[in-house]
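Asks: Could you have a look at this structure, given as structure tokens, before my questions?
Right, dumping it as structure tokens:
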């Protein structure tokens with residue numbers, strides 16, 4: 018029987034197998050940030066255990082950072098302390114840190130790929146569930162808890178049971194206005210938020226083959242929202258072209274040898290998956306969510322379904338939506354374009370292409386938060402900044418921002434926010450806030466109109 | 016880690032599906048740099064009203080229920096990888112969580128903190144929740160050694176990875192085990208370079 022992409026990468030990293038138990042998996046890159054690492058550093062310190070491979074760890078500050086006036090001292094003392102601990106821990110242990118204000122600082126899942134730290138065939142972990150993003154490169158990448166962060170610190174390995182395999186196939190031609198975000202929201206709306214639990218997912222089919230790396234990252238990013246620890250896409254020429262020339266990417270003969278290896282990684286034709294789904298690209302339309310988990314999504318033109326179920330009704334009550342209603346025409350006062358799902362240059366290009374020459378609705382507060390310093394720089398260089406500013410949008414500084422609202426970027430109670438982030442959980446964007454997940458295109462259109470519109474009728 | 020043996024306790028029912036880790040511990044409470052005290056903010060936004068007073072209709076504020084066992088709806092612990100969710104539940108005093116389905120990362124985090132997630136069938140979950148809601152003083156017994164959950168509506172076996180069972184019973188953690196394998200890890204690294 019043939020091997021899957023996942024099998025090939027996993028098998029190449031197995032150090033040992035515990036009899037009747039888990040396997041010891043070697044980790045190539047360990048990404049850390051200020052929120053889920055301090056307790057792991059403390060644990061090792063208390064137990065007098067050194068960090069095994071500081072050279073394989075890269076740190077950034079992103080979750081709990083301000084997106085305004087980053088040159089000034091951080092106002093919140095708890096956030097300031099957390100950032101300071103990250104700096105001290107990295108310094109003490111000789112770990113590379115791209116802290117606040119550094120030219121490479123950014124959201125961990127935006128910064129690592131753009132620096133070429135993320136490469137095909139690797140194993141990558143981070144104390145953040147959206148580590149699945151890096152799977153876009155044909156990488157086994159997944160989120161871990163802080164106890165596991167400490168395990169990787171201590172040994173550069175993790176004890177894991179090999180997950181089952183799942184493949185999601187999408188073939189055909191995407192309709193106008195359908196972005197990678199709509200593709201993944203559509204998939205989750207169809208298979209549910211726990212269809213992937215216990216599995217590692219591979220996305221296959223010409224829709225993903227024709228996607229840019231940015232688009233593939235958006236798709237893989239949300240694998241965890243269907244319960245899968247990670248999602249992967251086979252590396253191909255698009256991947257090699259993206260990686261080549263980046264700061265930490267291999268060069269010359271090394272690169273040639275790596276590419277030759279990366280070409281062997283795609284799943285064999287006769288590989289068998291434990292579970293498989295097939296979707297037609299033509300069936301996908303621009304999506305929005307109406308509830309409090311990412312599986313509660315509909316096509317923007319559809320009506321909220323009418324289920325009789327206590328959890329479903331609790332969710333609708335929180336959102337102040339009714340069964341059977343349409344979201345088109347709903348007034349919206351907040352729009353957020355950012356997060357590790359949709360804060361790459363392509364997302365801002367798409368938003369700018371819609372916004373250009375139009376004016377933001379007066380009722381809307383719109384935050385554009387780039388995923389990294391490099392994206393911010395690119396926005397300026399490509400002339401997108403003036404488009405945004407002329408249309409009344411505010412471009413802020415990089416960070417996770419209103420995706421999880423750990424910093425001061427919070428959506429007020431009872432307000433709706435059309436957001437390009439990944440989770441619409443209760444209070445995710447601020448206490449009592451109501452999140453509607455959508456693509457950067459739908460978010461941009463909402464900001465212009467001040468309400469949700471049927472985007473398919475507004476495209477040339 | 017404290018070894019896990021037998022837990023006999025009353026239980027607290029929370030029959031809501033898809034309870035995500037943002038509900039268990041909202042992000043604004045993740046600014047601490049140690050593991051202590053998260054129990055105070057467990058289920059914060061369900062437990063307290065807008066004005067900060069306790070929400071009487073939330074089960075943790077009910078005088079009827081108490082115990083070291085939480086019985087929750089399907090897909091418990093989905094969302095963020097924050098181990099703070101497991102710390103908050105453990106700090107509050109829970110030793111066992113029963114559900115018909117657990118999210119992957121949460122399950123691992125719970126086990127790594129000496130807390131036992133027990134998966135039961137959807138039908139059994141419904142029956143046990145109904146019973147506990149009607150008989151709040153009902154006691155449940157969890158025996159990890161024999162992998163059994165005894166309840167007034169019946170006794171069921173549950174699954175656990177044999178390695179994790181050993182860790183829980185003895186209070187071992189993965190760090191010690193991995194360090195004991197450092198020769199093998201070094202040999203693996205040597206063939207990488």
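Protein chains in written order, with our numbering: chain F, 18 to 477; chain L, 16 to 208. The beta-carbon is built from N, C-alpha and C at its ideal position, and this holds for glycine as well.
1. Can you find a C-beta in chain F that's less than 8 Å from the C-beta of residue 41 (chain L)?
2. In chain order, which beta strand (DSSP E) runs of at least 3 residues are fully inside the segment 157-216 of chain F?
3. On the DSSP bridge assignment, give the partners of residue 383 (chain F) in chain order.
4. Looking at chain F, which residues of the segment 166-180 of chain L have a Cβ within less than 7 Å of any of its Cβ atoms?
5. Between the beta-carbon of residue 131 (chain F) and the beta-carbon of residue 389 (chain F), is there less than 8 Å?
6. Cα separation between residue 20 (chain F) and residue 373 (chain F)?
7. Quick one: Cα of residue 313 (chain F) to Cα of residue 199 (chain L), how far?
8. According to the Cβ coordinates, are residue 186 (chain F) and residue 293 (chain F) closer than 8 Å?
9. So what does DSSP say about residue 101 (chain F), is it helix, strand or coil?
10. Does DSSP put residue 126 (chain F) in a helix, a strand or coil?
11. Considering Cα atoms alone, identify which of F:344, F:238, F:322 is closest to residue 440 (chain F).
12. How would you call residue 278 (chain F), buried or exposed, if buried means at least 16 neighbouring beta carbons within 10 angstroms?
13. Does any residue of chain B bring its CB to less than 8 Å from the CB of residue 443 (chain F)?
14. Verify the CB distance criterion: does residue 62 (chain L) have a CB-CB separation below 8 Å to chain F?
15. Name the chain F residues whose beta carbon is nearer than 7 Å to that of residue 50 (chain L)?
16. Whose C-beta lies closer than 7 Å to the C-beta of residue 127 (chain F) among residues of the same chain, with five residues either side of it excluded?
17. Okay, do the segment 74-88 of chain L and the segment 102-119 of chain L touch, 3+ Cβ pairs below 8 Å being the bar?
18. With residue 450 (chain F) and residue 428 (chain F) assumed to form a contact (beta carbons below 8 Å), what rounded beta-carbon distance in angstroms separates them?
19. Mind checking which residues open and close the alpha helix (DSSP H) that includes residue 278 (chain F)?
20. Taking the straight line between their C-alpha atoms, what separation do you get for residue 145 (chain F) and residue 37 (chain L)?
21. Within the 8 Å Cβ cut-off, does residue 440 (chain F) reach chain L?
22. Answer yes or no: do residue 50 (chain F) and residue 80 (chain F) have a C-beta to C-beta separation smaller than 8 Å?
23. Just mark residue 258 (chain F) as buried or exposed, buried being the case when its beta carbon has 16 or more other beta carbons within 10 Å.
24. Taking the alpha helix (DSSP H) that residue 55 (chain F) falls in, what are its first and last residues?
25. Excluding five sequence neighbours on each side, which residues of the same chain lie with their C-beta closer than 8 Å to the C-beta of residue 128 (chain L)?
26. Spatial neighbours of residue 473 (chain F) within its chain, please: CB distance less than 6 Å, with the 5 preceding and 5 following residues excluded, ordered by chain position.
27. So, does the CB of residue 81 (chain F) fall closer than 8 Å to a CB anywhere in chain L?
28. Suppose only complete runs of 3+ residues qualify. What are the beta strand (DSSP E) ranges in the segment 425-476 of chain F, listed by chain order?
29. Any C-beta of chain F sitting closer than 8 Å to the C-beta of residue 98 (chain L)?
30. Quick check: is any heavy atom of the ligand HEM less than 7 Å from the C-beta of residue 135 (chain L)?
31. If you draw a straight line from the C-alpha of residue 31 (chain L) to the C-alpha of residue 116 (chain L), how long is it?
32. Whose CA, out of F:190, F:42, F:433, lies closest to the CA of residue 349 (chain F)?
33. Indicate whether residue 38 (chain F) and residue 177 (chain L) have their beta-carbon atoms separated by less than 8 Å.
34. Taking C-beta pairs closer than 8 Å, name the residues in chain F that residue 185 (chain L) reaches, listed in chain order.
35. Quick one: grab the DSSP three-state call for residue 246 (chain F).
36. Which residues does DSSP list as the beta-bridge partners of residue 40 (chain F)?
Replies: To lay it out plainly:
1. In the second chain, residue 41 (chain L) corresponds to position 26, counting from 1. Residue 41 (chain L) counts as touching chain F.
2. If one requires a minimum length of 3 residues, the beta strand (DSSP E) runs lying completely within the segment 157-216 of chain F are 157-160, 174-177, 181-188, in chain order.
3. In the first chain, the residue the question calls residue 383 (chain F) occupies position 366. Beta bridge pairing from DSSP links residue 383 (chain F) with F:352.
4. Listed by position along the chain: 176, 177, 178.
5. Against the first chain, residue 131 (chain F) aligns to sequence position 114. Against the first chain, residue 389 (chain F) aligns to sequence position 372. Yes. Within cutoff.
6. Numbered from 1 along the first chain, position 3 holds the residue referred to as residue 20 (chain F). Numbered from 1 along the first chain, position 356 holds the residue referred to as residue 373 (chain F). In a straight line, the C-alpha of residue 20 (chain F) is about 47 Å away from that of residue 373 (chain F).
7. Residue 313 (chain F) sits at position 296 when you count from the first residue of the first chain. Residue 199 (chain L) sits at position 184 when you count from the first residue of the second chain. In a straight line, the C-alpha of residue 313 (chain F) is about 46 Å away from that of residue 199 (chain L).
8. One-based indexing of the first chain puts residue 186 (chain F) at position 169. One-based indexing of the first chain puts residue 293 (chain F) at position 276. With respect to the 8 Å criterion, residue 186 (chain F) and residue 293 (chain F) are classified as neighbours on the basis of their beta carbons.
9. Residue mapping note: residue 101 (chain F) aligns to position 84 of the first chain, counting from 1. Correct three-state label for residue 101 (chain F): helix.
10. Numbered from 1 along the first chain, position 109 holds the residue referred to as residue 126 (chain F). If DSSP states are grouped into helix, strand and coil, residue 126 (chain F) belongs with the helices.
11. The count along the first chain starts at 1 and reaches residue 440 (chain F) at position 423. Checked all of F:344, F:238, F:322; the closest Cα to residue 440 (chain F) is F:238.
12. The count along the first chain starts at 1 and reaches residue 278 (chain F) at position 261. Counting other Cβ atoms within 10 Å of its Cβ, residue 278 (chain F) stays below 16 and is therefore classed as exposed.
13. The structure shown has no chain B; the protein chains it does contain are F and L.
14. Position 47 of the second chain, counted from the start, is the residue given in the question as residue 62 (chain L). With 8 Å as the cut-off, residue 62 (chain L) does not count as an interface residue toward chain F.
15. Counting from one through the second chain, the residue named residue 50 (chain L) turns up at place 35. 56, listed in chain order.
16. If you number the first chain from 1, residue 127 (chain F) lands on position 110. Cβ-Cβ distances below 7 Å link residue 127 (chain F) to 357, 360, 361, 388, 389, 392 in the same chain, with the five nearest sequence neighbours on each side left out; the list follows chain order.
17. Touching, yes.
18. Start at 1 with the first residue of the first chain, and residue 450 (chain F) comes out as number 433. Start at 1 with the first residue of the first chain, and residue 428 (chain F) comes out as number 411. Yes, they are in contact, since the Cβ atoms of residue 450 (chain F) and residue 428 (chain F) sit about 4 Å apart, within 8 Å.
19. Taking the first residue of the first chain as 1, we reach residue 278 (chain F) at position 261. Boundaries of the alpha helix (DSSP H) harbouring residue 278 (chain F): 269-279, taken from the DSSP string.
20. Here the question's residue 145 (chain F) lines up with position 128 in the first chain. Here the question's residue 37 (chain L) lines up with position 22 in the second chain. Spanning the two alpha carbons is a distance of roughly 13 Å.
21. Against the first chain, residue 440 (chain F) aligns to sequence position 423. Chain L contact via Cβ: present.
22. For this step, residue 50 (chain F) is matched to residue 33 along the first chain. For this step, residue 80 (chain F) is matched to residue 63 along the first chain. For residue 50 (chain F) and residue 80 (chain F), yes; Cβs fall inside 8 Å.
23. As a first step, residue 258 (chain F) must be located in the first chain, where it is residue number 241. Using a 10 angstroms sphere on the CB of residue 258 (chain F), the tally of other CB atoms stays under 16, which defines it as exposed.
24. Within the first chain, numbered from 1, the residue matching residue 55 (chain F) stands at position 38. Unbroken alpha helix (DSSP H) run through residue 55 (chain F): 55-63.
25. Position 113 of the second chain, counted from the start, is the residue given in the question as residue 128 (chain L). The answer, listed in chain order, is 16, 98, 101, 102, 105.
26. Residue 473 (chain F) sits at position 456 when you count from the first residue of the first chain. Excluding sequence neighbours, residue 473 (chain F) sits near 194.
27. Locating residue 81 (chain F) in the first chain gives position 64, counting from the first residue. A Cβ of chain L is located within less than 8 Å of the beta carbon of residue 81 (chain F).
28. As for any beta strand (DSSP E) of minimum length 3 sitting wholly inside the segment 425-476 of chain F, the runs are 433-436, 451-454, ordered along the chain.
29. For the purposes of this step, residue 98 (chain L) is identified with residue 83 of the second chain, where counting begins at 1. Answer yes: the Cβ-Cβ gap between residue 98 (chain L) and chain F drops below 8 Å somewhere.
30. Ligands displayed in this structure: none; no statement on the ligand HEM is therefore possible.
31. For the purposes of this step, residue 31 (chain L) is identified with residue 16 of the second chain, where counting begins at 1. For the purposes of this step, residue 116 (chain L) is identified with residue 101 of the second chain, where counting begins at 1. Cα to Cα, residue 31 (chain L) sits roughly 12 Å from residue 116 (chain L).
32. For the purposes of this step, residue 349 (chain F) is identified with residue 332 of the first chain, where counting begins at 1. Closest option to residue 349 (chain F), Cα to Cα, is F:433.
33. Here the question's residue 38 (chain F) lines up with position 21 in the first chain. Here the question's residue 177 (chain L) lines up with position 162 in the second chain. Result yes, Cβ atoms of residue 38 (chain F) and residue 177 (chain L) sit closer than 8 Å.
34. Here residue 185 (chain L) corresponds to residue number 170 of the second chain, with the count starting at 1. Listed along the chain, the chain F residues whose CB falls inside 8 Å of the CB of residue 185 (chain L) amount to none; the nearest CB is some 14 Å away.
35. Within the first chain, residue 246 (chain F) is the residue found at index 229, counting from 1. Note: residue 246 (chain F) maps to coil in three-state DSSP.
36. Here residue 40 (chain F) is taken as the residue at index 23 of the first chain, counted from 1. For residue 40 (chain F), DSSP records a beta bridge to F:34, F:177.
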